[in-house]
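Have a look at the structure below, then the notes.
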Amino acid sequence: MLASPNTVQAATEPNNGLRDGLADPIKVFPIVWYDGRIVQADDVDIHVMTHALHLGTSVFDGIRGYRVGGELRIFRLRDHLHRFRASAEVYGMKLPLDPDEMAAEVMDLCRRIGPPDCYIRPIAWYGYGPLGLVPWTSAPIHLMVLVMPLADFFGREALGEQSGLRLTVSPWRKTPSRSLPSWVKCGGHYTNSVLASSQACREGFDEALMLNDRGDVAEASCENLFLVKDGRLITNDRDADILPGITRNTVLEIAEEIGIPTLIRSISLNDVRAADEVFLTGTAAEVAPVDSVDEMVFASSRAGSVTRSLADAYSSVVRGIHLKAHWSEAC
Ligand code: PMP
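Here the working numbering is used: the first residue of the sequence shown is 6, the next is one more, and so on.
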């Protein structure tokens with residue numbers, strides 16, 4: 006077992022990333038799509054008896070838009086919206102729009118806002134109804150889309166190009182999927198990530214690395230983990246209680262395209278210790294090199310040739326410059 010976060014030299018740099026900037030993002034683009042209409046965010050009234058407020062019954066997704074010249078390119082919009090629908094279905098929520106209809110509303114909202122690089126958050130929830138545990142029989146479903154500015158999630162640019170992430174192994178274990186399915190983005194499930202991430206940040210780290218209940222590595226609080234060992238890319242899958250991210254899938258596809266061998270298998274802390282390079286992937290985090298996990302140091306990750314080439318390729322793929330142009334939809 007690794008040293009506890011309390012005994013480890015913690016990062017001292019402030020987190021200047023969007024995680025701080027997100028405190029009041031809706032002030033930047035104050036309009037939202039809500040139950041079929043574009044309204045001012047301040048005009049949205051949410052009832053005190055909202056089921057999701059009491060019991061965590063919301064589902065959501067996170068999508069990125071990148072400004073490329075005069076256009077906003079939205080990356081894998083439909084894949085995110087299909088995942089959103091799948092999350093909703095697990096909770097018996099029948100969304101009023103299908104993924105294509107929602108994509109049209111997202112594009113319309115983005116055209117009206119005209120944001121720079123941004124984060125798009127579709128969210129659905131059970132509203133005002135009896136607070137029983139079977140909401141689909143009586144609580145109404147609400148649907149909203151928010152757009153917020155997003156440049157560099159972890160604020161690494163502010164810390165200088167040479168800076169990778171400092172992680173700590175969380176004392177909070179990832180909820181097993183047989184209790185809460187890890188592939189479902191439900192608000193209630195994320196209290197597990199909130200505990201892990203908050204503790205890591207309190208200790209001065211950038212992010213928490215979570216183990217599953219079997220003691221294998223699962224993922225970070227909202228990113229997937231990749232290792233590079235002897236030129237091969239290694240990541241785990243749903244069996245490790247992860248959310249199999251869309252960024253993870255994109256990176257695996259890029260690796261195949263540029264000839265980096267990949268291996269999908271469970272990952273132990275010893276595998277992490279032995280890795281040449283380590284990085285995280287996520288819609289918000291993109292491809293984020295890891296400098297250290299507690300006392301394990303991977304100083305080569307940020308300069309590492311595999312991480313670097315995947316991060317560079319990812320940055321052009323999301324902007325529709327390179328590979329799979331259909332993944333990046335212009336609006
Ligand atoms: N794991 C968790 C728990 C997440 O919340 C996220 C963010 N959606 C990811 C991994 C990365 O997924 P994606 O690449 O689809 O954003």
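For each residue, glycine too, the CB sits at the ideal point set by N, CA and C.
Have a look at residue i and residue j and give me their C-alpha separation to the nearest angstrom.
i	j	result
Gly169	Leu230	14 Å
Pro140	Ser63	11 Å
Ile118	Asp48	17 Å
Ser273	Arg116	45 Å
Gly26	Gly220	Residue confidence is low: Gly26 scores 49 on pLDDT, short of 50, so the model does not pin down where it sits. No coordinate-derived value is stated.
Thr142	Val311	50 Å
Val53	Thr173	37 Å
Gly160	Pro135	42 Å
Tyr133	Glu106	25 Å
Asn275	Val189	28 Å
Ala293	Asp211	11 Å
Arg42	Ala144	20 Å
Ser92	Glu258	24 Å
His59	Leu138	11 Å
Ala57	Asp299	36 Å
Can you tell me where the beta strand (DSSP E) holding residue i begins and where it ends?
i	result
Ala238	Looking at the sequence itself, residue 238 is Leu, so the reference to Ala does not match. It spans 237-240 - the beta strand (DSSP E) in which Leu238 sits, taken as one unbroken run.
Pro127	123-131
Pro294	291-298
Thr267	267-269
Val174	170-174
Val33	First-last for Val33: undefined, no H or E at that position.
Ile263	It is not in any beta strand (DSSP E) - Ile263 instead sits in the alpha helix (DSSP H) that spans 251-263.
Whose C-beta lies closer than 6 Å to the C-beta of residue i among residues of the same chain, with five residues either side of it excluded?
i	result
Gly325	Arg78, Ser333
Gly61	Gly192, Gly193
Val322	Leu328
Leu268	Arg237, Ile239
Arg81	Ile251, Trp332
Ser271	Asp221, Asn241, Ala245
Ala335	Glu76, Arg78
Ala330	none
For residue i, which residues in the same chain have their Cβ closer than 8 Å to its Cβ, ignoring the five residues on either side in sequence?
i	result
Ala46	Ile31, Pro35, Ile36, Val37, Leu151
Gly97	Pro140, Trp141
Might you give, ordered along the chain, the residues of its own chain that have their beta carbon closer than 7 Å to the beta carbon of residue i, omitting 5 neighbours on each side?
i	result
His85	Asp66, Ile68, Ile251
Ala223	Lys179, Met215, Leu216, Asn217, Ala245, Asp246, Ile247
Glu262	Leu328
When DSSP builds the beta bridges, which residues end up paired with residue i?
i	result
Trp38	Ile43, Val150
Leu136	According to DSSP, Leu136 bridges with nothing at all.
Phe284	Phe231, Pro294
Would you give the residue range spanned by the alpha helix (DSSP H) that residue i belongs to?
i	result
Thr180	Looking at the DSSP string, Thr180 is not in any alpha helix (DSSP H), and its letter there is neither H nor E.
Phe89	82-95
Met215	Where Met215 is concerned, there is no enclosing alpha helix (DSSP H), although the beta strand (DSSP E) it sits in stretches over 212-216.
Ser203	196-207
Arg117	104-118
Val322	310-323
- Task: Report yes or no: do three or more beta-carbon pairs, one from the region 64-74 and one from the region 115-125, lie closer than 8 Å?
- Result: yes
- Are at least three pairs of beta-carbons, each pair with one atom in the region 225-242 and one in the region 182-191, less than 8 Å apart? no
- Count the CB pairs spanning the region 305-324 and the region 275-289 that are closer than 8 Å, and state whether there are at least three. yes
- Message: Three Cβ pairs or more, each shorter than 8 Å: is that satisfied between the region 133-149 and the region 96-113?
- Response: yes
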